[in-house]
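Take the position in the sequence shown, starting the count at 1, then add 207; the result is the number in the working numbering. All C-beta atoms in this analysis are idealised placements derived from N, C-alpha and C, irrespective of residue type, glycine included. Each remark here refers to the structure printed beneath this line.
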Amino acid sequence: MSSPLADPLFPAHLAEMIRRADHALQDSAFEALVFAAGTAPMQFADDQPYPFKASAHFRAWAPLTEAPGSCVMHRPGHRPTLFFCQPEDFWHQVPARPQQPWVDCFDVVCIKTPADIAGFLPAHSAWIGPDSDAPVSHRAVCNPASVVARLDYARAIKTDYEIHCLEVASQIACAGHRAAQQTWAEGGSEYDIHLAYLKATEHEDAQLPYANIIALNEAASVLHYTYRRRQPLEVRRSLLIDAGATYSGYGSDITRTYSAMTGVFADLTSAVERLELTLCDLVTPGRSYIDIQLAAHRGIATILCDSGLVRVSAEDALARGITAVFFPHGIGHLLGLQVHDVGGRMANEEGVLTPRPPGHPYLRLTRRLEAGYVVTIEPGLYFIDLLLKAARLDERRDAINWETVDALAPFGGIRIEDNVVAGSQGAKNLTRLAFA
Ligand code: GLY
Ligand code: MN
Ligand code: MN
Numbered sequence: 208m209s210s211p212l213a214d215p216l217f218p219a220h221l222a223e224m225i226r227r228a229d230h231a232l233q234d235s236a237f238e239a240l241v242f243a244a245g246t247a248p249m250q251f252a253d254d255q256p257y258p259f260k261a262s263a264h265f266r267a268w269a270p271l272t273e274a275p276g277s278c279v280m281h282r283p284g285h286r287p288t289l290f291f292c293q294p295e296d297f298w299h300q301v302p303a304r305p306q307q308p309w310v311d312c313f314d315v316v317c318i319k320t321p322a323d324i325a326g327f328l329p330a331h332s333a334w335i336g337p338d339s340d341a342p343v344s345h346r347a348v349c350n351p352a353s354v355v356a357r358l359d360y361a362r363a364i365k366t367d368y369e370i371h372c373l374e375v376a377s378q379i380a381c382a383g384h385r386a387a388q389q390t391w392a393e394g395g396s397e398y399d400i401h402l403a404y405l406k407a408t409e410h411e412d413a414q415l416p417y418a419n420i421i422a423l424n425e426a427a428s429v430l431h432y433t434y435r436r437r438q439p440l441e442v443r444r445s446l447l448i449d450a451g452a453t454y455s456g457y458g459s460d461i462t463r464t465y466s467a468m469t470g471v472f473a474d475l476t477s478a479v480e481r482l483e484l485t486l487c488d489l490v491t492p493g494r495s496y497i498d499i500q501l502a503a504h505r506g507i508a509t510i511l512c513d514s515g516l517v518r519v520s521a522e523d524a525l526a527r528g529i530t531a532v533f534f535p536h537g538i539g540h541l542l543g544l545q546v547h548d549v550g551g552r553m554a555n556e557e558g559v560l561t562p563r564p565p566g567h568p569y570l571r572l573t574r575r576l577e578a579g580y581v582v583t584i585e586p587g588l589y590f591i592d593l594l595l596k597a598a599r600l601d602e603r604r605d606a607i608n609w610e611t612v613d614a615l616a617p618f619g620g621i622r623i624e625d626n627v628v629a630g631s632q633g634a635k636n637l638t639r640l641a642f643a
């Protein structure tokens with residue numbers, strides 16, 4: 208942790224994690240919860256591991272991203288214990304025992320192998336983490352559903368410490384986005400832009416919260432385009448970059464779209480950005496996120512109509528499902544320790560799900576916002592061959608202006624995405640603050 212603001216916020220964050228864990232244990236037979244970081248899984252029939260990623264449950268307690276085999280144990284009424292794994296190993300770098308101020312909130316026990324934890328666990332403890340890393344004695348009580356549901360449900364409300372980490376994650380990503388835009392303006396390839404992003408954020412690939420989406424021209428129509436062409440393209444039309452950064456285990460998720468020329472695509476991009484900003488203002492406590500999804504579709508319908516992409520009224524475009532041809536994904540999701548943070552569709556802490564509204568099959572968040580939720584807002588407008596082909600073949604055909612579609616398809620598409628806190632004083636846009 209290097210932000211001077213994070214350290215003073217950590218004790219209150221940990222107290223909230225303790226409160227949530229106590230609540231999750233209520234009515235259960237467990238004496239303790241063990242949050243395991245996990246270990247790096249090995250590739251099939253190989254002696255090489257996949258990159259290690261500490262589990263989100265562990266990172267919620269300890270800001271340690273490089274601690275394979277470590278765990279945090281919580282027993283009601285006791286200080287949490289950090290079991291820090293320091294293998295005796297001359298092949299690999301052994302992690303140094305953490306020294307930062309947050310460590311004072313824990314009792315620390317150094318262990319030499321992940322299996323050593325077994326000797327410290329109360330008989331009735333629940334293991335929260337990868338099943339394959341649990342000591343044999345605890346395989347039967349891995350990730351009990353009722354405990355995990357309570358923890359996941361509670362995670363939607365971020366502590367002040369978490370909001371601070373997410374704000375710093377937006378600031379780091381902002382430096383990457385600026386470098387990426389510059390590299391694109393100079394004619395760089397998708398690969399060049401990716402490298403510029405990594406350098407500016409001081410991230411390794413494996414530290415990104417998700418694989419960078421860096422799409423030039425028509426590739427922007429692939430929603431999760433993670434291919435990286437190494438040759439600069441002959442014609443520079445557009446850049447869609449969806450890229451985040453991590454700070455203390457928390458990730459940002461930011462998208463910008465740029466047009467290389469003035470004209471209809473640039474105007475559409477500005478219109479999507481104006482819509483995005485109005486939707487960000489809706490991120491306030493008490494509002495159903497489903498309402499933001501519906502407002503986004505109304506806004507996209509108006510843009511389609513105003514730009515001449517459809518030959519029908521905005522109301523008709525909405526009623527006939529034409530907005531979903533151009534904007535097929537959800538308006539966003541919870542953000543935190545995971546880019547698509549858990550619990551987005553939970554109706555309660557028992558794990559009952561709220562159904563998605565009909566016609567919105569990819570919406571990841573259906574909850575009513577409360578103060579402290581952090582969400583993304585990410586409207587888009589794309590020219591996706593697969594969806595356009597289907598619309599060309601059915602009753603939507605006559606409603607769409609195919610000449611305009613064909614003229615804009617080489618630009619791929621548009622997405623603008625910010626990270627927004629539902630604050631008690633209103634929406635707080637962490638991303639715009641970082642870019643200001
Ligand atoms: N970057 C993935 C998403 O926006 O959800
Ligand atoms: Mn994104
Ligand atoms: Mn997102």
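Can you list, in chain order, the residues of its chain with a C-beta nearer than 6 Å to that of residue i? Leave out the 5 residues immediately preceding and following it.
{"i": "D513", "result": "none"}
{"i": "D367", "result": "L216"}
{"i": "Q545", "result": "A263"}
{"i": "P562", "result": "none"}
{"i": "P416", "result": "G451, T453, G458 and V546"}
{"i": "A231", "result": "V354, R357 and L358"}
Give me, in chain order, the residues of the same chain whose beta-carbon lies closer than 7 Å to that of residue i; leave out the 5 immediate sequence neighbours on both sides.
{"i": "S631", "result": "P492 and A578"}
{"i": "N636", "result": "C487, D625 and V627"}
{"i": "M208", "result": "Caution is warranted here: a pLDDT of 45 is assigned to M208, below 50, making its placement in the model unreliable, and the coordinate value is therefore given only provisionally. Cβ neighbours of M208 beyond the five flanking positions: D214, P270, Q307, W309 and S455."}
{"i": "A554", "result": "L560 and T561"}
{"i": "P617", "result": "N424, E425 and R444"}
{"i": "A247", "result": "P256, Y257, P258, F259 and P275"}
Provide the residue(s) that pair with residue i in DSSP beta bridges, ordered along the chain.
{"i": "V517", "result": "I607"}
{"i": "D625", "result": "I584"}
{"i": "D498", "result": "Its beta-bridge partners do not exist; DSSP assigns none."}
{"i": "G506", "result": "According to DSSP, G506 bridges with nothing at all."}
{"i": "R639", "result": "None; R639 has no bridge partner."}
{"i": "R575", "result": "S495"}
{"i": "L541", "result": "V582"}
{"i": "A450", "result": "I461"}
{"i": "M391", "result": "The question names Met, yet the displayed sequence has Trp at residue 391. None; W391 has no bridge partner."}
{"i": "S445", "result": "S466"}
{"i": "V279", "result": "F242 and L289"}
{"i": "G633", "result": "G630"}
Pull up the CB-CB distance for residue i and residue j, whole angstroms please, since I reckon it's below 8 Å.
{"i": "A161", "j": "I335", "result": "Absent from the structure is residue 161, since the part of the chain shown begins at 208 and ends at 643."}
{"i": "L525", "j": "H504", "result": "6 Å"}
{"i": "A452", "j": "G383", "result": "6 Å"}
{"i": "G619", "j": "S428", "result": "4 Å"}
{"i": "H401", "j": "R435", "result": "5 Å"}
{"i": "A650", "j": "V490", "result": "Outside the modelled stretch of the chain, which goes from 208 to 643, sits residue 650, for which no answer is possible."}
{"i": "G558", "j": "A352", "result": "7 Å"}
At a cut-off of 7 Å, is residue i close to ligand 1 when judged by its beta-carbon and the heavy atoms of the ligand?
{"i": "Y657", "result": "What the structure shows of the chain is the stretch from 208 to 643, and residue 657 is not part of that stretch, so it cannot be assessed."}
{"i": "E585", "result": "yes"}
{"i": "H540", "result": "yes"}
{"i": "I379", "result": "no"}
{"i": "I420", "result": "yes"}
{"i": "Y417", "result": "yes"}
When every heavy atom of ligand 3 is checked, does at least one fall within less than 7 Å of the C-beta of residue i?
{"i": "E480", "result": "no"}
{"i": "E483", "result": "no"}
{"i": "D460", "result": "yes"}
Less than 7 Å between the CB of residue i and some heavy atom of ligand 2, yes or no?
{"i": "D548", "result": "no"}
{"i": "T651", "result": "Coverage of the chain is limited to positions 208 through 643, which leaves residue 651 absent and any answer about it impossible."}
{"i": "E577", "result": "no"}
{"i": "D449", "result": "yes"}
{"i": "E624", "result": "yes"}
Quick one: residues in its chain with C-beta nearer than 8 Å to the C-beta of residue i, no 5 flanking neighbours on either side, listed in chain order?
{"i": "D411", "result": "Strictly speaking, residue 411 in this sequence is Glu, with Asp absent from that position. So the qualifying residues of the chain are L405."}
{"i": "V471", "result": "S514, T611, A614 and L615"}
| request: Specify whether the segment 569-576 and the segment 615-626 touch according to this definition: at least 3 beta carbon pairs, one from each stretch, less than 8 Å apart. | output: no
| message | Pairs of beta-carbons, one from the segment 288-308 and one from the segment 269-277, closer than 8 Å: are there three or more? | response | yes
| said: Below 8 Å, how does it come out for the segment 596-615 and the segment 522-538: are there three or more Cβ pairs, yes or no? | reply: yes
| message | Count Cβ pairs between the segment 317-327 and the segment 341-349 that sit closer than 8 Å; are there 3 or more? | response | yes
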